[in-house]
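A quick write-up on the structure given underneath.
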Amino acid sequence: MKVAVIGIGSTNFGEHWDQNLRQLAIEAGTKAILDGNIRGRDLDAIYLGNMSAGRFIGQEHVGAMISGELGLSIPAIRCEGACASGGLALRQGLFSILSGQHDIVLVGGAEKMTDLMTDGVTSSLMGAADQEWESYYGVTFPSLYAMIARRHMHEFGTTREQMAKVAVKNHHNGILNPVAQFKKEITIEEVINSPMVADPLTLFDCSPITDGAAAVILCKAELAKKYVEDPIYIVGSGQASDTLALHDRKSLTTMNATVKAAQEAYKQTGLTSKDIDLAEVHDCFTIAEIVATEDLGFCKKGEGGKLLDKKETEIGGRIPVNTSGGLKAVGHPVGATGIKQAVEMVLQLRGKAGKRQVKDAKLGLTHNVGGSGATAVVHIFSR
Amino acid sequence: MIGIVGYGGYIPRFRIKVEEIAAVWGANADSLKKGLNIEEKSVPSMDEDTATISVEAALNALKMAGIDPKEIGAIYIGSESHPYAVKPTSTIVGEAIGCGMEYTSADTEFACKAGTAGIQMAMGLIQGGYIKFGLAIGSDTAQSKPGDALEYTAAAGGAAFIIGKNNIVAEIEGTYSCSSDTPDFWRRDTVEYPSHGGRFTGIPAYFKHVISATKGLMEKLSLKNTDFDYVVFHMPNGKFPIRAGKMLGFDLNKLTHGLVVKKIGNTYSGSSPLGLCAILDVAKPGERILITSYGSGAGSDSFSIKVTDLIEEKRKNARKVQDYIDNKEYVTYARYTRLRRGI
Numbered sequence: 001m002k003v004a005v006i007g008i009g010s011t012n013f014g015e016h017w018d019q020n021l022r023q024l025a026i027e028a029g030t031k032a033i034l035d036g037n038i039r040g041r042d043l044d045a046i047y048l049g050n051m052s053a054g055r056f057i058g059q060e061h062v063g064a065m066i067s068g069e070l071g072l073s074i075p076a077i078r079c080e081g082a083c084a085s086g087g088l089a090l091r092q093g094l095f096s097i098l099s100g101q102h103d104i105v106l107v108g109g110a111e112k113m114t115d116l117m118t119d120g121v122t123s124s125l126m127g128a129a130d131q132e133w134e135s136y137y138g139v140t141f142p143s144l145y146a147m148i149a150r151r152h153m154h155e156f157g158t159t160r161e162q163m164a165k166v167a168v169k170n171h172h173n174g175i176l177n178p179v180a181q182f183k184k185e186i187t188i189e190e191v192i193n194s195p196m197v198a199d200p201l202t203l204f205d206c207s208p209i210t211d212g213a214a215a216v217i218l219c220k221a222e223l224a225k226k227y228v229e230d231p232i233y234i235v236g237s238g239q240a241s242d243t244l245a246l247h248d249r250k251s252l253t254t255m256n257a258t259v260k261a262a263q264e265a266y267k268q269t270g271l272t273s274k275d276i277d278l279a280e281v282h283d284c285f286t287i288a289e290i291v292a293t294e295d296l297g298f299c300k301k302g303e304g305g306k307l308l309d310k311k312e313t314e315i316g317g318r319i320p321v322n323t324s325g326g327l328k329a330v331g332h333p334v335g336a337t338g339i340k341q342a343v344e345m346v347l348q349l350r351g352k353a354g355k356r357q358v359k360d361a362k363l364g365l366t367h368n369v370g371g372s373g374a375t376a377v378v379h380i381f382s383r
Numbered sequence: 384m385i386g387i388v389g390y391g392g393y394i395p396r397f398r399i400k401v402e403e404i405a406a407v408w409g410a411n412a413d414s415l416k417k418g419l420n421i422e423e424k425s426v427p428s429m430d431e432d433t434a435t436i437s438v439e440a441a442l443n444a445l446k447m448a449g450i451d452p453k454e455i456g457a458i459y460i461g462s463e464s465h466p467y468a469v470k471p472t473s474t475i476v477g478e479a480i481g482c483g484m485e486y487t488s489a490d491t492e493f494a495c496k497a498g499t500a501g502i503q504m505a506m507g508l509i510q511g512g513y514i515k516f517g518l519a520i521g522s523d524t525a526q527s528k529p530g531d532a533l534e535y536t537a538a539a540g541g542a543a544f545i546i547g548k549n550n551i552v553a554e555i556e557g558t559y560s561c562s563s564d565t566p567d568f569w570r571r572d573t574v575e576y577p578s579h580g581g582r583f584t585g586i587p588a589y590f591k592h593v594i595s596a597t598k599g600l601m602e603k604l605s606l607k608n609t610d611f612d613y614v615v616f617h618m619p620n621g622k623f624p625i626r627a628g629k630m631l632g633f634d635l636n637k638l639t640h641g642l643v644v645k646k647i648g649n650t651y652s653g654s655s656p657l658g659l660c661a662i663l664d665v666a667k668p669g670e671r672i673l674i675t676s677y678g679s680g681a682g683s684d685s686f687s688i689k690v691t692d693l694i695e696e697k698r699k700n701a702r703k704v705q706d707y708i709d710n711k712e713y714v715t716y717a718r719y720t721r722l723r724r725g726i
């Protein structure tokens, strides 16, 4: 598999009181089109990752909304897989090129979440869990991930401090990312002492509610150099599913969908986790990053916490994770997150990530999760 | 020269602590106290409402002004808790303080800024030569839904200002307002408690208007932030006004004295006016005060006020805001609920 990414773009992430979903998506898309040195009319199709515009802003049919706004009559498809909607859209864009149907496609991810109050957002997000067996019993995503955290602590001795270190590291990286929602150093003590959300997770263990959009231009590999000098290639793509409800799984501390999606992507490329130079993983909660680094094979099961103690996932470490600041510091506009990860990876592999640049980055991995792990998408990027 | 002839505040005696409310809802009091920068709030007694609070404040203002209440030609009372939906609070107050019949009056509502809007209305009538003195009051017994974030701050209190041209204790050098249709906080008719837009009440609402009005005033009067000795912004909590002060580059010490919210809560229409009274109680002749109110919905009125030589003599005649702040009795949540007629 080899498909080029020739253009990237993203909005600032945060509370965009004065911008709607349409404006955010168009801003990111236009930036990606300009970055890819193409014109709108060069596009063959649009794939848009969006989780819940219907519930967040009452707007469905967002694919056509974006193509219409761009003045294009090309196919426009919205992809939904909860918080993995962006990753799913990226995969559909890839396949459309690999199938020979399209040469150049725009893949975007966008979400407008702050039009609702926090309880409205929480209940909308719960649409990604099992309504009958989880939501109706009053469970929310923080509490699902809190159960994962508790079990991880029980099985492997993972500590509260280790979880806090994820937030501290990602906030530190976020300061170096101009589009991040939070640009503020925090300490382990601040994380632990922040308001309790779902024991053991406190406010600073949780990714925020965010508005934002990101976009990439995918291009048939053979055509890429016609437009840009430094195309980055997507060389592996895996996706897998698991039970919707957390309690139906054999293990609370392994996300099988992640393991399988990664296996598929590694298999396609002939690579292993040891070949990866850096990764953007789905840290919707701090425990999620610890579980992800294990499931992706960056360390043994149960040692994700130690990875943080040894500073191996920091920029400059053995396997930098979430150089962008992750979902924690950049923000988590749910449908946009998978594409935002791709944008960061392309920046890193181009060597244009500024102060957060990972030296000699050649191979990068992105990992996007939907719900509590029912959907996982993994992509491998190469220079 | 138009200005304040007399002013006066009033705060009910009962207080409830953040800890007491937090314990009922299982909330973290320390984090709330830090997050809101507030310790306790005032609670009106069962027989106190916007009318009685306004009367107390107006009587203090009258004592200071030393005028015959019959000389007051206009009464405007700004509140979002007028006791009647239809029937003015202002006539109850006019009657109680002895204004006779020869005055115009109206109740005003603009969330937390209808009191300062009343000052502007009185200024207009005086400048136009229609009346000699005008009485403007901002007063509230604020409502909050039990368990809502507002419950920690929604308080009761009021401040009255007699506006006129002679014997003024402080000159109103100028005023500037800005308004926009911003639905950050509202209460529909017949609905018991207000609703609010959570974080939307911050940047796009409070800060946008407070900052714009304050900058507009300074530009209009060619004043810099260093030209003011005291600053008071509307106080929905103890955090917002400080942040506004930082954003505008004020020396934050200038905000300290007017920041009455920490001890009495958000008195809504009475909030920034009570802060102004507290400052006038201690300011020296020649000192300049900035006050910017904020009302959800949304808008801000900003005033530049300069203290005159008369203040030191005249303010001896009325009770000070600090007296009311210090005179307090704590109540439990149960008694609070009873006082608010919840049970």
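Residue numbers (this note's numbering), protein chains in the order written: chain A, 1 to 383; chain B, 384 to 726. Ideal Cβ positions, reconstructed from N, Cα and C, are used throughout, including at glycine. Model, not experiment: these values are computed from the prediction.
Inset, instruction - Could you tell me which uninterrupted alpha helix (DSSP H) segments, each at least 4 residues in length, are contained entirely in the stretch 221-283 of chain A, listed from first to last along the chain? - result: 256-269
Inset, instruction - Identify each residue in the stretch 572-593 of chain B for which the Cβ-Cβ distance to at least one residue of chain A is less than 8 angstroms, and report them in chain order. - result: 580, 581, 582, 583, 586 and 587
Legend entry - CB contact check: residue 195(A) to chain B, cutoff 8 angstroms: Residue mapping note: residue 195(A) aligns to position 195 of the first sequence, counting from 1. Under the Cβ distance rule, residue 195(A) counts among the residues neighbouring chain B, one pair being separated by less than 8 angstroms.
Legend entry - beta strand (DSSP E) runs wholly inside the stretch 99-130 of chain A, at least 3 long, in chain order: 104-111
Inset, instruction - Closer than 7 angstroms by beta-carbon distance: list the chain A residues that pair up with residue 414(B), in chain order. - result: By one-based count along the second sequence, residue 414(B) stands at place 31. 195, listed in chain order.
Inset, instruction - Spell out whether any CB of chain B is found under 8 angstroms from the CB atom of residue 15(A). - result: Residue mapping note: residue 15(A) aligns to position 15 of the first sequence, counting from 1. So yes, residue 15(A) belongs to the interface.
Inset, instruction - Consider the Cβ of residue 117(A): report whether some Cβ of chain D lies at a distance smaller than 8 angstroms. - result: No chain D appears in this structure, whose protein chains are A and B.
Inset, instruction - Pick out whichever of 396(B), 535(B) and 443(B) has its Cα sitting closest to the Cα of residue 410(B). - result: On the second sequence, position 27 is the one that residue 410(B) refers to. Per the Cα distances, 535(B).
Inset, instruction - Output yes if chain A places a C-beta closer than 8 angstroms to the C-beta of residue 608(B); else output no. - result: The residue labelled residue 608(B) in the question sits at position 225 within the second sequence. False, the Cβ-Cβ gap to chain A never drops below 8 angstroms.
Inset, instruction - Return the chain-ordered list of same chain residues with a C-beta closer than 8 angstroms to the C-beta of residue 422(B), the five sequence neighbours on each side being excluded. - result: To locate residue 422(B), count along the second sequence from 1; it is residue 39. So the qualifying residues of the chain are 400, 401, 416, 645 and 646.
Inset, instruction - Determine, using beta carbons only, whether residue 694(B) and residue 552(B) come nearer to each other than 8 angstroms. - result: What you label residue 694(B) is simply residue 311 of the second sequence in a count that begins at 1. What you label residue 552(B) is simply residue 169 of the second sequence in a count that begins at 1. It is a contact, given that the beta carbons lie within the stated cut-off.
Legend entry - Burial state of residue 39(A), where buried means 16 or more other Cβ atoms lie within 10 Å: Numbered from its first residue, the first sequence carries residue 39(A) at position 39. Exposed.
Inset, instruction - Would you identify the three-state DSSP class for residue 595(B), choosing helix, strand or coil? - result: The residue you call residue 595(B) lines up with position 212 of the second sequence. Here residue 595(B) carries a helix assignment [DSSP, helix/strand/coil].
Legend entry - Start-to-end residues for the beta strand (DSSP E) that takes in residue 560(B): On the second sequence, position 177 is the one that residue 560(B) refers to. Segment 553-565, the beta strand (DSSP E) holding residue 560(B).
Inset, instruction - Below 7 angstroms CB to CB, which residues in the same chain sit around residue 227(A) once its five sequence neighbours on both sides are set aside? - result: Counted from its first residue, the first sequence places residue 227(A) at position 227. The beta carbon of residue 227(A) sits closer than 7 angstroms to the beta carbons of 6, 36, 37, 38 and 219 from its chain, once the five residues preceding and following it are set aside; these are given in chain order.
Inset, instruction - Using beta-carbon positions only, say whether residue 541(B) and residue 522(B) come within less than 8 angstroms of one another. - result: Sequence index remark: in the second sequence, residue 541(B) carries index 158 (1-based). Sequence index remark: in the second sequence, residue 522(B) carries index 139 (1-based). In contact: residue 541(B) and residue 522(B) (Cβ atoms closer than 8 angstroms).
Inset, instruction - Round the Cβ separation of residue 295(A) and residue 262(A) to the nearest angstrom and send it over; I've been treating them as touching at under 8 angstroms. - result: Working through the first sequence from its first residue, we reach residue 295(A) at position 295. Working through the first sequence from its first residue, we reach residue 262(A) at position 262. Rounded, the Cβ-Cβ distance is 7 angstroms, consistent with contact.
Legend entry - the stretch 391-420 of chain B: positions lying closer than 7 angstroms to chain A by Cβ: 411 and 414
Inset, instruction - Would you kindly report the start and end of the unbroken beta strand (DSSP E) that includes residue 196(A)? - result: Position 196 of the first sequence, counted from the first residue, corresponds to residue 196(A). Looking at the DSSP string, the run of the beta strand (DSSP E) that includes residue 196(A) is 196-198.
Inset, instruction - Compute the distance between the beta-carbons of residue 617(B) and residue 654(B), then report whether it is under 8 angstroms. - result: In the second sequence, counting from the first residue as 1, residue 617(B) sits at position 234. In the second sequence, counting from the first residue as 1, residue 654(B) sits at position 271. Closer than 8 angstroms, so yes.
Legend entry - Where residue 378(A) falls: helix, strand or coil (DSSP): Within the first sequence, numbered from 1, the residue matching residue 378(A) stands at position 378. The three-state secondary structure of residue 378(A), taken from DSSP, is strand.
Inset, instruction - Give the single residue among 490(B), 436(B), 440(B) and 504(B) whose Cα lies nearest to the Cα of residue 470(B). - result: Your numbering for residue 470(B) matches position 87 in the second sequence. Among 490(B), 436(B), 440(B) and 504(B), the Cα nearest to that of residue 470(B) belongs to 490(B).
Legend entry - Where the beta strand (DSSP E) containing residue 77(A) begins and where it ends: As a working note, residue 77(A) is residue 77 in the first sequence. 76-79 is the span of the beta strand (DSSP E), which, as asked, contains residue 77(A).
Inset, instruction - Could you check what DSSP says for residue 672(B) in three-state terms: helix, strand or coil? - result: Residue numbering aside, residue 672(B) sits at position 289 when the second sequence is read from its first letter. Judged by DSSP in its simplified three-state form, residue 672(B) adopts strand.
Legend entry - Closest by C-alpha distance to residue 335(A), when choosing among 107(A), 2(A) and 19(A): Here residue 335(A) refers to the residue found at position 335 of the first sequence. Closest option to residue 335(A), Cα to Cα, is 107(A).
Inset, instruction - Look at the Cβ atom of residue 339(A), then the Cβ atom of residue 90(A), and state whether they are nearer than 8 angstroms. - result: Indexing the first sequence from 1 puts residue 339(A) at position 339. Indexing the first sequence from 1 puts residue 90(A) at position 90. Taking 8 angstroms as the Cβ cut-off, residue 339(A) and residue 90(A) qualify as a contacting pair.
Legend entry - Which of helix, strand or coil DSSP assigns to residue 649(B): Walking along the second sequence from the start, residue 649(B) turns up at place 266. In the structure shown, residue 649(B) sits in a strand (DSSP, three-state: E or B).
Inset, instruction - Determine the contact status of residue 658(B) and residue 641(B), defining contact as a CB-CB distance below 8 angstroms. - result: Counting from one through the second sequence, the residue named residue 658(B) turns up at place 275. Counting from one through the second sequence, the residue named residue 641(B) turns up at place 258. Yes, they are a contact pair.
Legend entry - Buried/exposed call for residue 467(B), threshold 16 Cβ in 10 Å: As a working note, residue 467(B) is residue 84 in the second sequence. Per the 10 Å Cβ criterion, exposed.
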